[in-house]
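A.B. asks:
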Amino acid sequence: MGIKIMMMKNRSQYYSDQLKPKFFYRWVATFVLACFYAGQAYHRGLCFLTYLLGMSLTILINFLLSSYIDEDLDQPVSPGTPPILPTNTSDELRPFVPFLPEYNFWCNVNKVLCVFNGLTFIPTIRIRLPELGVDMIKFKYIPFYYGDKAKGEYKGK
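Sequence positions in the sequence shown follow the working numbering and run 436 to 592.
1) Note the first and the last residue of the continuous alpha helix (DSSP H) segment covering Thr559.
2) Taking C-alpha atoms, which residue in Phe466, Asn539, Ile560, Tyr472 lies nearest to Phe498?
3) So what's Ser501 in DSSP terms, helix, strand or just coil?
4) From the DSSP output, which residues share a beta bridge with Pro397?
5) Around the Cβ of Lys455, are there at least 16 other Cβ atoms within 10 angstroms (buried) or fewer (exposed)?
6) In its own chain, which residues sit with a C-beta less than 7 Å from the C-beta of Gln510, not counting the 5 before and 5 after it?
7) Buried or exposed for Val544, please, with buried defined as at least 16 other CB atoms from any protein chain shown within 10 angstroms of its CB.
8) For Val512, name the three-state secondary structure that DSSP assigns.
9) Under DSSP, the alpha helix (DSSP H) around Phe458 begins and ends at which residues?
10) What is the C-beta distance between Val547 and Leu488, in whole angstroms, given that I count them as a contact (C-beta under 8 Å)?
11) For a quick check, are the C-beta atoms of Ala476 and Thr485 less than 7 Å apart?
12) Taking the alpha carbon of Leu535 as the point to measure from, which residue in Ile496, Pro558, Gly437 has its own alpha carbon closest?
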């Protein structure tokens, strides 16, 4: 049993190593997966599920853009003073190291998209919000501000 698990880990690491240098093809596949979800969401009106997908992708982007090195340990520089250049060997300028590297970000984005694509096929999870759009049309709701109605500046229909 343990040998099979180890063989599966070795095989997945092999395929992972083969995919890492193929940046363009990896992101094209992710784009196709995202387009498939967008088609499902548009066809079925999955507003709430799309909101959850957007929140999870926002968290992943935050991890990609945040630094792995804690900047609070450095001495704070006041806004009026220019940045201090390093004077000792211990005060080196450190390059930006992301908290989540690009390949791991790509893997996590694909995992999230696969999970949400799978959730589109479960009928009990399909939370739709069509009433909001119907009510907006019925009551002629305009979500934009065109001026003050009391002063006669209103330019809506």
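Glycine included, C-beta positions come from ideal geometry on N, C-alpha and C.
C.D. replies: The structure says:
1) Run containing Thr559: none; DSSP gives neither H nor E here.
2) Ranking Phe466, Asn539, Ile560, Tyr472 by Cα distance to Phe498 puts Asn539 first.
3) coil
4) This structure leaves residue 397 out entirely; the chain is present only between 436 and 592.
5) exposed
6) Residue placement at Gln510 cannot be trusted, given a pLDDT of 47 that sits under 50; what the coordinates show is reported in the next sentence. So the list is empty, once near-sequence residues are dropped.
7) buried
8) Interpretation of Val512 is limited by its pLDDT of 47, a score under 50 that renders its predicted location unreliable; the figure taken from the coordinates is listed afterwards. In the structure shown, Val512 sits in coil (DSSP, three-state: anything other than H, G, I, E or B).
9) 458-479
10) Confirmed, Cβ separation roughly 7 Å.
11) At the C-beta level, Ala476 and Thr485 come within 7 Å of one another.
12) Ile496
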